[in-house]
Structure formats: structure tokens, C-alpha cells
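Residue numbers in the sequence shown follow our numbering, run continuously in steps of one, and reach 1592 at the last position.
Beta carbons are placed, not taken as given, at the ideal position from N, Cα and C, and that holds for glycine.
Each remark here refers to the structure printed beneath this line.
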Amino acid sequence: HRATRTGGNAEAAEGSGYLANVQRTLGGQGGDGFIAIITLAYLFVHYALIVAYTSEGGRLLVEILGSAASIPEVTHIPGATLAGSVGYTSLICGLLFFGSEAAVDTANVAFCGALLVTFLTLVSIGLPYTSVENALSYQNYPGVLSCVPIFLLALVFQNICPTVARKLDFDPNRTRLAI
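Below, the structure written as C-alpha cells:
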């Protein structure tokens, strides 16, 4: 019986991911083929997320560096976004490979905090312009396609909960409060 980093229950730490929950929920139902399909779908979603983060992170990195160097419309330079994606990937992988656990945790908390601040800012900006009447009277079906990345991101929230629970030593009250 192996203990976790915090001395907690190893089964709780190892068996709390998405695929572990699928296997525990379905048991033998559907067979290995069904589990394989779920696994492939899971891998595809995460591959798509990595591609999206790398692409957008690279573009943002190029824009930030271009703005600092006073280069207008730097993303229109051939190869700039590819170079930005390589640079972004190098920065993140360098942090993960060479950084200590504390450095990676600090960066993760900072990125999550920035994400939370951005989300709350966007909600606070849009909230005064929302109304039930607008939501029910206007439909823009082609505009739904631009929301696909958000839909895909919503599919991975189940990975966030086990990570948060692990970071909070599986304390139910602290985990509920954080989530």
C-alpha cells in the first residue's frame, strides 16, 4: 500500500481520474471495445486541447513580443505564429522539465488565477448587457461554431476536480469551497 505525497489514501489519488471513473462506473459493461472508444475520444479531446493551447499561446507570445518590439501586425509575418508556438511550447516544457515542483505549482496557481480573473472580468463586462428577453428572442446558429472550443474545454472539468481535491489533501469541505 503506497501513500500519497500528503500521506493520504493512494487509491483515492490514483482512481479519481476520468478514465478510472468510466471503468468503475461501467465495470464490465460494454466490454473492452467500449472502453477503448471512450479512451480514444478522451485522447482526441486532450490532443485537440493541446493543439489549441499551443496555437493560441504561440500567437499571444508573438503578439506580446511584437508589441514590445513595436512591430505592427507581427502575426502576419510568415512563420511568426509557428515560431511563437515553438517558443510557447519550449517555455512550458522547460518549466515542467527543469522547474521544481514548487515552481510548477506556483506557475499553475498563477495561470489559474489569471484565468479566473479573466473569466470574472468578461462576465462582469457582459452581465449588464444580458437579459432573458434577448436570450429568447435572438438566435445565431452559425455563431455556435465559435463556441466549440468552450464546449470541448467543458468536457475536461472532471480532470480539474480530482486535481483540486488532491491539492487540498482530499478534504471535502475545502474542496467544495474551492470548486
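First and last residue of the uninterrupted alpha helix (DSSP H) at residue i
| i | result |
| --- | --- |
| Y1501 | A1493 to F1511 |
| T1531 | E1514 to G1539 |
| L1549 | V1545 to S1550 |
| L1662 | The structure shown does not extend to residue 1662, since the chain is modelled only from 1414 to 1592, so the question has no answer here. |
Residue i, buried or exposed, once every other Cβ within 10 Å from all chains shown has been counted against 16
| i | result |
| --- | --- |
| Y1501 | buried |
| L1495 | exposed |
| S1498 | buried |
| G1471 | buried |
| A1578 | buried |
| A1622 | Nothing can be reported for residue 1622: it is not among the residues displayed for the chain, which extend from 1414 to 1592. |
| L1474 | buried |
| A1493 | buried |
| T1419 | Note that T1419 has pLDDT 46, beneath the 50 cutoff, so the model's placement of it is unreliable and the number below is only indicative. With fewer than 16 other Cβ atoms within 10 Å, it is exposed. |
Residue i versus residue j: straight-line alpha-carbon distance, rounded
| i | j | result |
| --- | --- | --- |
| G1512 | D1518 | 10 Å |
| L1528 | P1585 | 24 Å |
| L1581 | V1530 | 21 Å |
| Y1554 | A1567 | 20 Å |
| L1432 | D1445 | 13 Å |
| L1508 | N1521 | 11 Å |
| Y1466 | H1459 | 10 Å |
| T1543 | F1564 | 20 Å |
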